[in-house]
Structure formats: C-alpha cells, structure tokens
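Shown next, in structure tokens, is the structure this report addresses.
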Amino acid sequence: MSSSRVRSLARFALPAAAVVLLPAAVSPARDASAAAADVLLSQGKPVSTSTLEASTLSGENAVDGNLKTRWASAVSADAQWLRVDLGQAATVHRVKLNWEAAYAKKYRIEISDDGENFKPIATITNGDGGTDDLTGLSGHGRFLRFVGTERATKYGYSLWELQAYGTPDSSGDTQPPTAPSNLAAGEIGANSVALTWAAATDNVGVSGYEVLRDGKSIATSTSTSYTDNGLSPDTDYTYTVRAKDAAGNASPVSAAVKVHTKPGTAGNTFVLAAAGDIAEQCTASSSSCMHPKTAKLVQQINPAAVITMGDNQYDAENDSLTLQNFKDYYDKTWGKFKSITHPVPGNHETYDDTPFQAYEQYFGKIATPNGKRYYSWEMGNWHFIALDSNGFVDDKDGGELKDTDQMNWIKQDLAKNTKGCVAAYYHHPRWSSGDHGDQRGSKQLWDLFAQNKVDLILNGHDHHYERFVPQDANGKADPAGPVEIVGGMGGANPYPVHAAHPTTAKLLKDTFGVLKLTMTDTTFSEQLIGLDGTVLDSSPTYTCHN
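Residue numbers for the sequence shown follow my numbering, so the first one is 1 and each next one is one higher.
Put into structure tokens, the structure is as follows:
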C-alpha cells in the first residue's frame, strides 16, 4: 500500500459523505502566520489505548516520531481507541495519521478537557489508508483521541504515527524531560519484579516517573526504583519507564527490559476494590458527576469483593435520605457490584427520618448478615471486620460515644479469629489530615486494633486520599502497628486538607479514585487508581503481623 496518499479537510476534494465536521469544530480560514505558529503537540506525550495486539506494539510508538515503530490494536475488534495527553490545554488545528496496512475505514478524532468527556472534531467515513492529513480543525482541550469505528481489513487498527499540531494555551515550560536510561530488573521472584533506572534530566526538574508494564501504566514513583507485585509465576513481562515534570511534560519511554518471573505458585491471591463517600445525587449525564466514573474503575479492577467505607449514598440538602435515593443514584453505578459488596454505614446513612432505614432496606442482609450493622467475613487467609463507627463518634464534633455492645462483639470476634491477616474498616478515621481531622471517638477502636496487631484499617469521612505508615496506639510510626488508609474519594465533592501528619506516607487532595487491594495469604499491598486508570499511589508490600 502506498503511503503517499494525503487527505486534507481544507484542500482535498472528498465526497460529501466522507467527512463530517461539527460546525463549531471548523474554524475560519487562518492566515499563513497563524498556521506557521502551530507546533507539534503530541510527540513523546503519554498515551493510553483500548487494546494492544502485542506488548511491543504499544501506543507510545504512535507518538515517538519514528515511522518504523507502530501501535496496533487487538485483531478483529472495532471501536478501538488511542488517547494522547498533550500535557496542557491546546487548540488543535491539524491531525496527521500515517497508517500501516491495517487502517481504518471509518474513524473519529475527538478532544477533551478532562480525558473523560470527548467531543468529535472530525469524522472520516471512507478512509483509504496511506496518510491522512486532517487540516482546518479547531478543537480545544488537553486530551486528543483517535476512535476507530470500522476496520478496513480483517486485522485491527495500526498507526505508524499520529501527529497533532496546534497552539498550546501556555508558553511556559513545554520541554519534556529526557528518557530515563539503564532500566534494569533486580530481584525477580515468582510474583514480583524489582526495577531500577538512571535519573532523567529536565530544563526545570523531573517530578516523577511513570512505570509501564506491557505498554500500560501501572504506577508512578518519585524515586528511580519500583517493585511490581502481584504478578503471575513463570510469565513474561516487558517494562518501560518515562519521566514527567511539574508542567505535565512527559519524556519518551525508556528502552524496554524484558523479564520472566520465577516458577512457583501465586498462592491464594485476590484483589479487592474499596472507597468511601460515594454517590452524590447526580447521574452520568453530568460531566461533574464522579461516582459513575469511579464505578467504571471498579469494573476495570474486576475485584473478588467490594468494600465501602460509609456514606454510600448522600441525602439531598434539607431532606432526609430515602430508599429511592439509593435506587436513583448508587444502584445505577456501584449497585452493579451489590452482590459482592460488604458495606458499612457512614454518618450520612443516619440522616434518615428513621436512621439507617434506607441503608438497611437497600443492602438488606448484605449489610446486616447477623442482624447488626457490624459483622465480619473472610476470604483466603484474611479476616475482615466491618463496623458501624457511628456508635463511637459524635457526628457534631468527632468526640467519643460508647457502643458497649459493639465493642464487646469486636473483642469476641478478634478472640475467635483463626486467620493470619486481619483488616478492619469503618467510616470515621482515627488519623486524618483532612477537613474533619483526627476523630477522637475512633481512638477506642484504633487502640484495640493496635493492641491486637490488626494489619490494615480502611476509612472514609474525609474526602481525600491519605496513606499512613504503620502506627502504634499513639500515632507514632511502628512497624508492628496497623496501616491506615483514608479513601473517601468515591465520588463526593473533595474536602480541603491541612498539614500532613508526620506518619503520612502519601496525601492527595482533589482526587477521585478507587483503592485496589492485592491480598495474599501473608501480605497485602495497595494502589490508588485514578479516573483515567493510572496508578496515583502504590504502597509497599506489607507482611501480616501474625
């Protein structure tokens, strides 16, 4: 196939049905000086894709400036996409696509401000391969996406290069860092790989590194090392790394390193998804509605079970929480996972004419398996304790309440436990750098769990993300103490945060996402998955105390 054919929306004559442009997406003819001001926006920028035909045919190949490397989607599948993060908002005037033999007969070029809600700026309906040079465009946003809707061949979609030209909003730092070098695998186990690399350089400064496994982003690191856990034994993996600066510029990916994990067994490994403070009274029709987006993350994680840390459904202002609220909002998103959900209530579940009534009506026996709003359940070598912390915390000032029956039950439950790893979850965090701050009423729970060497505690209430190092009963760093994670970013509006605690390992504000928990018979690790599917934080792998 010849690669010399060029399609231009501005200058190439096409049948009327071949190209569809929204009127708002076509700009008036620009003068020569404006066209000359356009710069290449896409080269070396971060890329995500719907699928890959193979790990060597990753999306980064389509923006590396090399016409000998390419991205290829999965074979025999339509509705595939490739998304480029331009690093900052820009006006796109031109998109050039260099096709390999597997080209698109029909496709769209779309643009978005947030990476979630896209608008088409060009629609092609009679693609013939070669080179498509789409000019005369006027789309504004940070994220550019190619969406293939009909393949021209029996294969997938395959691009040597996608180039977007236009004018960035800012004339500030637009220079990307250099690619990290000397990526190497250190210790390789049956389920883990330790990676190191040499630091990249930047005209201002490198802010962090993105780690990619088989072409997909799995983690970020502020250092030049990362250990990837939860892998399958006796399996091939390919890793690359790219650097980012504070302005959002991303380097090209590093040279790849291929590894093969050692033979062995994966053990009884399972993955959980968790979040608190979830469903506001909004739907997916609103771009600012977040719980439909976090529900999609749960679906992508495909967990064995879902944990919610309270405030599952929010009441309307000056109105009480109702069963219909759950049906109208939570049920249409997170409700898809109801059969595998182990919920606990938050303070908003009490804002009912009859406190907890709508919560208990909606979840039924799932929320009260023993007739109480607190219970325990098990999976693998893990014992999970689900609590109603409203019985311990005064909602007005966070002060202490006494729920003697629940406290006695907790002590008995801990005494009867035979599993080697223990996690507890409830709404009000003992430690928090968020707007609600440290909850004094939760001290009685924390002290008990610290004394009994509980491994992990999950909370909500404050609408931010915060991971702590293991702490003792006094909030001092102690490897024998529990790891606390505040995960109140399931969809409710973010709260402000204050100065981090000395024991805070990671603090993120204005963030929505889902906790991905990887549990084995003897260990656990956690990742925060952001709305675009990238890993915003990764914990170390902790070994259970018992």
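Just so it is clear, CB atoms sit at the ideal spot from N, CA and C, and this is done for glycine as well.
Would DSSP call residue i helix, strand or coil?
i	result
Gly166	strand
Lys336	helix
Thr56	coil
Arg373	coil
Arg440	helix
Ala185	strand
Arg11	With a pLDDT of 32 at Arg11, under the threshold of 50, the predicted position of this residue should be treated as unreliable, and no value is reported.
Val298	helix
Asp31	Interpretation of Asp31 is limited by its pLDDT of 38, a score under 50 that renders its predicted location unreliable; the figure taken from the coordinates is listed afterwards. Reduced to three states, the DSSP call for Asp31 is coil.
Met309	coil
Leu67	coil
Gly513	strand
Thr269	coil
Thr125	coil
Lys293	helix
Lys416	helix
Gln175	coil
Give me the Cα-Cα distance between residue i and residue j, rounded to the nearest whole angstrom.
i	j	result
Asn312	Gly276	7 Å
Pro479	Asp438	21 Å
Ala256	Thr240	5 Å
Gly398	Leu456	22 Å
Leu195	Asn390	44 Å
Asn347	Leu97	53 Å
Lys68	Val422	52 Å
Ser73	Gly115	20 Å
His545	Phe468	17 Å
Pro180	Ser339	44 Å
Ser223	Glu466	19 Å
Phe524	Thr418	18 Å
Ala316	Ala101	55 Å
Ser58	Gly460	37 Å
Pro470	Thr368	30 Å
Gly487	His140	33 Å
Asp245	Leu448	43 Å
Taking buried to mean at least 16 other C-beta atoms within 10 Å of its own C-beta, is residue i buried or exposed?
i	result
Lys258	exposed
Asp64	buried
Ala295	buried
Lys45	buried
Thr49	buried
Ala415	exposed
Asp403	buried
Pro263	exposed
Lys476	exposed
Gly205	exposed
Thr354	exposed
Trp446	buried
Pro177	buried
Under 8 Å, do residue i and residue j count as touching if we go by C-beta distance?
i	j	result
Val211	Val514	no
Ala358	Thr322	yes
Ala79	Thr123	no
Asp405	Pro429	no
Leu401	Val393	yes
Thr238	Ala190	no
Ala500	Ser432	no
Leu517	Asp537	no
Val47	Ala62	yes
Val458	Ile307	The displayed chain sequence assigns Leu, not Val, to residue 458. For Leu458 and Ile307, yes; Cβs fall inside 8 Å.
Leu159	Arg94	no
Ala424	Ile485	no
Which residues share a DSSP beta bridge with residue i?
i	result
Val497	Gly434
Pro120	Glu110
Phe363	Answer is none; Phe363 lacks a bridge partner.
His464	In DSSP, His464 forms no bridge with anything.
His140	Thr91
Leu507	Glu466
Does the distance between the C-beta of residue i and the nearest non-hydrogen atom of the ligand GTP fall short of 7 Å?
i	result
Gly481	What this structure holds is no ligand at all, so the ligand GTP is not there to describe.
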